[in-house]
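So the structure is just underneath, and the comments pick up after that.
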Amino acid sequence: MKIFNTLSRSKEDFVPVHEGKVNMYVCGPTVYNFIHIGNARPMIIFDTVRRYLESKGYEVNYVSNFTDVDDKIIKKANEEGKTAIEIAERYIAECKQDMEHLNVRPATVHPRATEEIDGMIEMIQNLIDKGYAYRADDGTVYYRTRKFDDYGKLSHKNIDDLEGGHRDIKVTGDLKEDPLDFVLWKPKKDGEPYWESPWCDGRPGWHLECSVMAKKYLGDEIDIHAGGEDLIFPHHENEIAQSEAANGVQFSKYWMHNGFLNINNKKMSKSLGNFFTVREIEEKYDLQVLRFFMLSAHYRSPLNFSEELMESARAGLERILTCCENLRHLMDNVTAKKLNEDERKILDEAEKFREKFENAMDDDFNTADAVSSVFELVKFVNTHVSENSSESFLAQMLARIEALCDILGIITTRKQEELDFDIDSLIAERQAARKEKNFARADEIRDELLARGIILEDTREGVKWKKA
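Numbering (my numbering), first residue to last: 291 to 758.
This is the structure:
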């Protein structure tokens, strides 16, 4: 298995720190509003990475945090007359609901920054003792960026170029020893949450939070650290500087970053009116469609979101669901139970699609090619199954599709209410076709529903349906 490591800018063979185990940290959202579809991409991508690692037999300790103290949370709290804790609690619950609908499995641990303050104070003191950090006159604690020799190794930025005025990190201020130094602890302001510390009453810097939570729940050296590419600099760069200075070992062996999500070929922005929350997308699409859409491109590639592409994803997902439904319907009406020799040979031939799937995933988790192999398997299944197939043959074909879809986090059964709506819409379309004397289309719809185990009955009260 190979992973593209942002640190080396190359694909590397994956060798975990401890054989058979993977420690993985994924930066989670700042909880001040509903998550948007840009947040959803890393959630879906790295949930799929986790699922695949587990399918390969690894024991995965998957940690993804909630940033529950932040300027944006405080601003939202002040606007609504709430406490920052109330805002964070509300949107953590909303985020978990969206994750469930996206079929993103809960992390092994979802730590919250506000619950790890003691560990943050301890790491800051460690950095001060080692000369990597210092207290300014107002109680702010800064990290000495130039003290860390490898600063810039993840983002491949030269510290002298940063000194030339890179706005991402350079902040002027008389209290700093160097304009490049960044905050580890900052003093409280009126109306803000704060904690007592040896330096002042205040709260931690954002970069520090993830270093401490990764250390507590995964150890000093972890296997994979992941997030969106917008976090490479300065957030992940600063994490490395803090963690490696404090712990004395390499922080993470592999760094994975997903590409940006654009909306109709433009950067997502509230000012452009193209900013969508996951909840807003769910009003129009089942979130399985959004997940399938996200997996239809390589995770490192920029991804363009549009209604046309979502409709294409919906159609693609429909092909898979319809195939699985057809297999279940055939299994309910079989006469033969046991495999025959011809079926055994076909099952052996079907193994090539699983191999193609695994080859794609072993090559830096190429979900785009993995999805293509699922489509090929679906086509193969549709070609080789019939009402004469044995129950064992049908069950094993279905199990092959379900196993691959489970790794992708794709649920192969429709929700009952969606199924009922789909049936009703097809019946309405059939009625319209009959009215227009398009009997060929009307027959097609009847046959499609029959293949899904639905029998239509024409009555005086109209068309009714029942399961076969």
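Think of the CB as a built atom: it goes at the ideal place given N, C-alpha and C, for glycine as much as any other residue.
No experiment lies behind these values; they were computed from the predicted model shown.
Short Cβ contact (8 Å threshold) for Arg436 with Leu470: Residue 436 sits at position 146 when you count from the first residue of the sequence shown. Residue 470 sits at position 180 when you count from the first residue of the sequence shown. Yes, these two residues count as a Cβ contact at 8 Å.
Sequence-distant residues of its chain with Cβ nearer than 7 Å to Asp458 (five each side left out): Position 168 of the sequence shown, counted from the start, is the residue given in the question as residue 458. Residue confidence for Asp458 is low, a pLDDT of 45 falling below 50, so the modelled location carries little weight; the figure read from the coordinates is stated next. Contacts found: Phe523 and Pro524.
Beta-carbon contacts of His446 that lie in its chain and below 8 Å, excluding the five residues immediately before and after: If you number the sequence shown from 1, residue 446 lands on position 156. Answer for His446: Arg299, listed in chain order.
Boundaries (first-last residue) of the beta strand (DSSP E) holding Asp622: Taking the first residue of the sequence shown as 1, we reach residue 622 at position 332. Here Asp622 belongs to no beta strand (DSSP E), and DSSP marks it neither H nor E.
Residue from Asp622, Ile610 and Val350 whose Cα sits closest to the Cα of Asn678: As a working mapping, residue 678 is identified with position 388 in the sequence shown. Among Asp622, Ile610 and Val350, the Cα nearest to that of Asn678 is on Asp622.
Backbone secondary structure at Trp489 - three-state DSSP: Counted from its first residue, the sequence shown places residue 489 at position 199. Residue state, collapsed to three classes: coil.
Backbone secondary structure at Phe294 - three-state DSSP: Here residue 294 is taken as the residue at index 4 of the sequence shown, counted from 1. Three-state DSSP puts Phe294 in a strand.
Cutoff 6 Å; reference Arg331; Cβ partners in own chain excluding five residues on either side: Position 41 of the sequence shown, counting from 1, holds the residue named residue 331. Contacts found: Asn548, Leu551 and Met584.
Same chain, Cβ closer than 6 Å to Val312, five either side skipped, listed in chain order: Translated into the one-based positions of the sequence shown, residue 312 becomes position 22. Correct list, in chain order: Pro306, Leu343, Tyr348, Val350 and Asp513.
6 Å Cβ shell around Ala403 - same chain, five flanking residues per side excluded: Your numbering for residue 403 matches position 113 in the sequence shown. Within the same chain, Ala403 has close Cβ partners Thr357, Asp358, Val359 and Glu499.
Whole-angstrom distance between Ile334 and Gln578, CA atom to CA atom: For the purposes of this step, residue 578 is identified with residue 288 of the sequence shown, where counting begins at 1. For the purposes of this step, residue 334 is identified with residue 44 of the sequence shown, where counting begins at 1. Rounded to the nearest whole angstrom, the C-alpha separation of Gln578 and Ile334 is 11 Å.
Nearest residue (CA-CA) to Met314, options Ile327, Gln721, Lys574 and Tyr352: If you number the sequence shown from 1, residue 314 lands on position 24. For the residues Ile327, Gln721, Lys574 and Tyr352, the minimum Cα distance to Met314 belongs to Tyr352.
Distance between Glu601 and Ser561 (C-alpha atoms, nearest Å): The residue given as residue 561 occupies position 271 in the sequence shown. The residue given as residue 601 occupies position 311 in the sequence shown. Spanning the two alpha carbons is a distance of roughly 26 Å.
Stretch pair the region 322-330 + the region 377-387: three plus CB contacts closer than 8 Å: yes
Candidates His588, Leu297, Lys292 and Ile744: closest to Glu527 by CA position: Mapped onto the sequence shown, residue 527 falls at position 237. Glu527 has its Cα closest to that of Leu297, out of His588, Leu297, Lys292 and Ile744.
Candidates Glu648, Met651 and Leu637, of which the one nearest Leu684 by Cα: Taking the first residue of the sequence shown as 1, we reach residue 684 at position 394. Nearest C-alpha to Leu684: Leu637.
DSSP state of Ser680 mapped onto helix, strand, coil: Counting from one through the sequence shown, the residue named residue 680 turns up at place 390. Here Ser680 sits in coil by DSSP.
Bridge partners - Asp748, DSSP secondary structure assignment: By one-based count along the sequence shown, residue 748 stands at place 458. Val753, per the DSSP bridge assignment.
Beta-carbon proximity list for Gly271, same chain, < 7 Å, skipping 5 on both sides: Residue 271 is absent from the model: the chain starts at 291 and stops at 758.
Proximity to Glu405 [Cα-Cα], best of Lys466, Pro477, Ala423 and Tyr507: In the sequence shown, the residue the question calls residue 405 occupies position 115. Nearest of Lys466, Pro477, Ala423 and Tyr507 to Glu405, Cα basis: Tyr507.
Backbone CA spacing between Asn649 and Met687 [nearest angstrom]: Numbered from its first residue, the sequence shown carries residue 649 at position 359. Numbered from its first residue, the sequence shown carries residue 687 at position 397. If I take the Cα positions, the gap works out to 20 Å.
Inter-residue spacing [alpha-carbon to alpha-carbon] between Leu465 and Gly509: On the sequence shown, position 175 is the one that residue 465 refers to. On the sequence shown, position 219 is the one that residue 509 refers to. Answer to the nearest angstrom: the Cα atoms are 33 Å apart.
Cβ-Cβ distance between His515 and Trp496 below 8 Å: Within the sequence shown, numbered from 1, the residue matching residue 515 stands at position 225. Within the sequence shown, numbered from 1, the residue matching residue 496 stands at position 206. Not closer than 8 Å, so no.
For Thr657 and Thr338, believed in contact at Cβ under 8 Å, the rounded distance: For this step, residue 338 is matched to residue 48 along the sequence shown. For this step, residue 657 is matched to residue 367 along the sequence shown. Confirmed, about 6 Å.
Alpha helix (DSSP H) segments (min. 4 residues) lying fully within the region 582-664: 597-621 and 631-652
Contacting residues, own chain, Cβ-Cβ under 7 Å from Ser487 (five flanking each side not counted): In the sequence shown, the residue the question calls residue 487 occupies position 197. The answer, listed in chain order, is Ile411 and Trp475.
Assigned exposure category for Ala397 - 16 Cβ within 10 Å defines buried: Start at 1 with the first residue of the sequence shown, and residue 397 comes out as number 107. Under this definition Ala397 is a buried residue.
The region 668-677 in contact with the region 606-613 per 3-pair CB rule at 8 Å: The region 668-677 is in contact with the region 606-613.
Alpha carbon of Gly454 to alpha carbon of Arg604, nearest angstrom: For the purposes of this step, residue 454 is identified with residue 164 of the sequence shown, where counting begins at 1. For the purposes of this step, residue 604 is identified with residue 314 of the sequence shown, where counting begins at 1. With a pLDDT of 46 at Gly454, under the threshold of 50, the predicted position of this residue should be treated as unreliable, though the coordinate-derived value follows. The straight-line gap from Cα to Cα measures roughly 49 Å.
Under the three-state DSSP convention, the category Pro524 falls into: Position 234 of the sequence shown, counted from the start, is the residue given in the question as residue 524. DSSP places Pro524 in helix when its eight states are reduced to three.
Beta-carbon proximity check, Lys505 vs Asn554, cutoff 8 Å: In the sequence shown, counting from the first residue as 1, residue 505 sits at position 215. In the sequence shown, counting from the first residue as 1, residue 554 sits at position 264. For the 8 Å CB-CB criterion, Lys505 and Asn554 do not form a contact.
Which listed residue (Ala531, Asp439, Lys543 and Phe565) has its alpha carbon closest to that of His308: In the sequence shown, residue 308 corresponds to position 18, counting from 1. Nearest C-alpha to His308: Lys543.
Sequence-distant residues of the same chain with beta carbon closer than 8 Å to Glu511, five excluded per side: Numbered from 1 along the sequence shown, position 221 holds the residue referred to as residue 511. Contacts found: Val307, Asn537, Val539, Gln540, Phe541, Ser542 and Lys543.
Helix, strand or coil at Gly563 [DSSP, three-state]: By 1-based counting over the sequence shown, the position of residue 563 is 273. Note: Gly563 maps to coil in three-state DSSP.
Proximity to Phe472 [Cα-Cα], best of Leu580, Arg425, Asn355 and Glu639: Taking the sequence shown and counting its residues from 1, the one referred to as residue 472 is at position 182. The shortest C-alpha separation from Phe472 is found at Arg425.
Coil, strand or helix - Leu444 by DSSP: Residue mapping note: residue 444 aligns to position 154 of the sequence shown, counting from 1. Looking at Leu444 - three-state DSSP - the assignment turns out to be coil, as it is neither helix nor strand.
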